[in-house]
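For reference, the structure discussed in these notes is given below.
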Amino acid sequence: MRVESAQRQRGEDRQVHLVIVGGGATGVELAAELRDAGNLVSGYGLTHFDARNDMVITVVEGGPRLLGPLPERVSAAARESLQRRGIAVETDCRIAQVTDTDVVTADGRRLRSDLCVWAAGISAPSWLGELGLPTNKAGQLEVDGCLRTPDPHILAMGDCAAAPRGDGEGIVPARAQAAHQQAEYLARRIGDLLQGVTPADEPFKYREHGSLVSLGTSSGVGSLMGGLRDRSLFVSGSLARLMYMSLHLMHHKVILGIGRTISVALGRLLLRRAHPRVKLH
Ligand SMILES: Cc1cc2nc3c(=O)[nH]c(=O)nc-3n(C[C@H](O)[C@H](O)[C@H](O)COP(=O)(O)OP(=O)(O)OC[C@H]3O[C@@H](n4cnc5c(N)ncnc54)[C@H](O)[C@@H]3O)c2cc1C
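Count along the sequence shown from 1, then add 13; that gives the number in the working numbering.
So this is what it looks like as structure tokens:
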């Protein structure tokens, strides 16, 4: 493993360079997790490996700030937190090429990279484009306010659909809370159709509940939306991390019910006391 061989080297040769392309929630969370994992590694016998100096992590973001869709205050707090952990952040920086040893920026700079993780977004599966229905640049099916494609037999929801938000502000984001809300909306409409009732033409309206981003094992940052438009509550630190974990368990509850969710949570808590946090192959 690269970290293991790195600890036998000296000077710059010892450094392991990780480049994460994409400063959205995935890239930011991964950077913080990798930093924590690096710190743990030293405790498993790699005593010459000093994660802060020897594990060089860089997050590269094409836009002007991390976590672009979230409020600026959340972006700034995330950036500050990553930099405090010794993670380099490059914004307004687009990657043009990835090689075995470097990533090359659009302006020709080479960043050394032993491992490059692409976290700069995804597009819809290509077969959606073969249905003969209108799609957008990301390959999502374009639907109307009631999540209908031009084909009356095909409805679309979740990540594969480009649906108007219902507040005139672009399309619904590809997020779990959006997919959840659309599923409830469509379940009602399909229920009506199955009973032979024409569903009301009331369009889907996305309700933003906020976002939480985990920053390693003990911190987080995010914003929670209040009842009023444009009002959000900024949360950070261990409170945000606690809320992140509760949200995760609430997702479990929807699928498993309360009893089994409590079992999962207790089981994890007990296993954490016995299992290592990182696995060295
Ligand atoms: C790394 C990562 C982290 C994320 N973190 C968050 C987060 O913290 N908060 C948040 O709100 N959102 C998050 N998201 C986004 C969130 O996961 C999605 O928005 C949400 O899962 C969308 O739900 P969906 O049902 O539309 O699609 P999916 O959850 O992707 O479900 C689609 C399902 O369809 C199946 N499928 C695909 N093609 C076919 C086929 N041809 N035939 C049959 N089945 C098929 C897939 O296997 C999959 O099970 C994250 C996404 C990623 C990738």
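Where a beta carbon is used, it is the ideal one built from N, C-alpha and C, also for glycine.
No experiment lies behind these values; they were computed from the predicted model shown.
Residue i: CB within 7 Å of a non-hydrogen atom of ligand 1
| i | result |
| --- | --- |
| Gln190 | yes |
| Gly171 | yes |
| Ala89 | no |
| Pro84 | no |
| Thr162 | no |
| Pro325 | Residue 325 falls outside the range modelled here, since the chain spans only 14 to 294, and no answer is possible. |
| Ala38 | yes |
| Ala187 | yes |
Whole-angstrom C-beta distance between residue j and residue i, which should lie under 8 Å
| i | j | result |
| --- | --- | --- |
| Ala45 | Gly229 | 4 Å |
| Leu141 | Thr162 | Contact doesn't hold; Cβ gap of about 10 Å is too wide. |
| Val248 | Ala50 | With 8 Å as the limit, Val248 and Ala50 do not qualify as a contact, their Cβ atoms being about 24 Å apart. |
| Ser126 | Val32 | 4 Å |
| Ile202 | Pro212 | The sequence given here has Arg at residue 202, not Ile. Indeed they touch by this definition, with Cβ atoms about 4 Å apart. |
| Pro199 | Ala176 | Note that residue 199 is Leu in the sequence shown, not Pro. At roughly 11 Å, the Cβ-Cβ gap does not stay under 8 Å, so Leu199 and Ala176 are not in contact. |
| Arg27 | Asp67 | 5 Å |
| Val116 | Leu124 | 5 Å |
Residue interval of the alpha helix (DSSP H) (run including residue i)
| i | result |
| --- | --- |
| Leu43 | Ala38 to Ser55 |
| Ser94 | Glu85 to Arg97 |
When the options are compared against residue i, the one with the closest alpha-carbon
| i | options | result |
| --- | --- | --- |
| His261 | Ala287, Leu283 and Ser224 | Ser224 |
| Gly158 | Pro82, Phe247, Leu283 and Asp214 | Asp214 |
| Ala132 | Gly35, Asp115, Leu141 and Val41 | Gly35 |
| Ala38 | Asp113, Ile184, Gly235 and Gln28 | Gly235 |
| Leu255 | Arg48, Ala278, Gly233 and Val267 | Gly233 |
| Thr60 | Gln20, Gly183, Lys266 and Arg286 | Gln20 |
| Gly76 | Ala287, Val54, Cys106 and Asp63 | Cys106 |
| Leu9 | Val16, Ser139, Arg65 and Thr71 | The question about residue 9 has no answer, for the chain in this structure spans 14 to 294. |
| Ser259 | Ser227, His193 and Ser245 | Ser227 |
| Leu80 | Leu207, Ser276 and Leu95 | Leu95 |
| Leu206 | Val116, Pro165 and Glu182 | Pro165 |
| Val69 | Ser88, Tyr57, Arg48 and Arg78 | Arg48 |
| Asp120 | Ala109, Glu17 and Asn52 | Ala109 |
| His222 | Gly181, Gly204 and His193 | His193 |
| Asp63 | Thr148, Asn52 and Arg92 | Asn52 |
| Ser251 | Gly270, Ser231, Ser18 and Val267 | Ser231 |
| Ala101 | Ala253, Arg244, His30 and Ser245 | His30 |
Limits of the beta strand (DSSP E) - the one that residue i falls within
| i | result |
| --- | --- |
| Gln190 | Per DSSP, Gln190 belongs to no beta strand (DSSP E); it is in the alpha helix (DSSP H), Ala189 to Leu207. |
| Thr274 | Not the beta strand (DSSP E): Thr274 falls in the alpha helix (DSSP H), residues Gly250 to Ala287. |
| Asp67 | Counting along the chain, Asp67 falls outside any beta strand (DSSP E), though it belongs to the alpha helix (DSSP H) covering Ala64 to Asp67. |
| His30 | Val29 to Val34 |
| Glu143 | That residue, Glu143, is in no beta strand (DSSP E); it is neither H nor E in DSSP. |
| Ala101 | Ala101 to Glu103 |
| Asp115 | Asp115 to Thr118 |
| Arg11 | Lying before the first or after the last residue shown, residue 11 is absent from the chain, which here runs from 14 to 294. |
| Leu128 | Leu128 to Trp131 |
| Met170 | Neither: Met170 is in no beta strand (DSSP E) and is coded neither H nor E. |
| Val226 | Gly223 to Ser227 |
Residue i at chain C interface by Cβ criterion, 8 Å
| i | result |
| --- | --- |
| Gly181 | Annotation note: the requested chain C is absent from the structure, which comprises a single protein chain. |
Inter-stretch contact at 8 Å, needing at least 3 Cβ pairs: the region 189-196 / the region 153-171:
yes
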